[in-house]
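Per the numbering used here, residue 474 is the first one in the sequence shown, and the count goes up by one each step. Where a beta carbon is used, it is the ideal one built from N, C-alpha and C, also for glycine. First up is the structure itself, then whatever we jot down about it.
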Amino acid sequence: SSTKVRIEGTVIEFGEEVKNHFSKIEKMLFEAYAQNTNELNITNIDDSQSAPYELKWEGNIQRDPLVQPLPQNTTNAEGVISVRFQVKPDGSVGMIIPLKKMNEELEKEVQRTLRSWQFSKLPSGTPQQAQWGTITFRFVF
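Dropping the structure here:
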């Protein structure tokens, strides 16, 4: 299981242990940032506008996201939204099934954004069948 985070346009992937450490550090940074923004040299922190995500695939085939905009959190709500989704052989997103709900507006934004994602196409020697994955977006402050 791995987690992916986008930082200044670069997607970074890491394992569960690093994810836990990152979450603790992230929380401490945001608490410090909220207390006194003048003392920290932190730029472009706007977690209300995007969310890290965790992507897991069913089966043996891993599909790389080629186009992956992050959902915008205009509600300023915290929480976790998980959806199961289908990736067609051409790399486009098909069905999306909500698994973990929290905020209707954020759920719609996650689905809208995920529909715009594009994944790698299946190789020609692979059976041309859709793959399923689960993605979890974390909205934290």
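Distance, residue j Cα to residue i Cα
i    : j    : result
F612 : L528 : 15 Å
E578 : T599 : 37 Å
N533 : H494 : 28 Å
P596 : P571 : 28 Å
Q535 : W605 : 10 Å
G564 : Q602 : 11 Å
E490 : F610 : 18 Å
I608 : K477 : 10 Å
N576 : P562 : 31 Å
I569 : L587 : 8 Å
D519 : V540 : Residue placement at D519 is poorly supported in this model, since its pLDDT is 46, which falls under 50; the coordinates are not used for a value here.
T483 : I498 : 19 Å
F487 : W530 : 15 Å
E526 : I485 : Note that residue 526 is Tyr in the sequence shown, not Glu. Approximately 11 Å, taken between the alpha carbons.
T548 : F558 : 23 Å
A550 : R585 : 17 Å
Q591 : N546 : 21 Å
Opening and closing residue of the beta strand (DSSP E) in which residue i lies
i    : result
E527 : Y526 to W530
E486 : T483 to G488
Residues that DSSP places opposite residue i in a beta bridge
i    : result
V560 : V566 and Q604
V540 : Q591
G619 : An answer regarding residue 619 cannot be provided, because it is not within the stretch 474 to 614 covered by the chain.
K573 : S555
T548 : Bridge partners of T548: none, in fact.
T609 : E527 and S555
Supposed close pair residue i, residue j - CB separation, criterion 8 Å
i    : j    : result
K574 : I554 : 7 Å
D537 : S593 : 5 Å
G567 : V560 : 7 Å
V583 : P542 : In fact, because the Cβ distance is near 11 Å, the residues do not count as touching under 8 Å.
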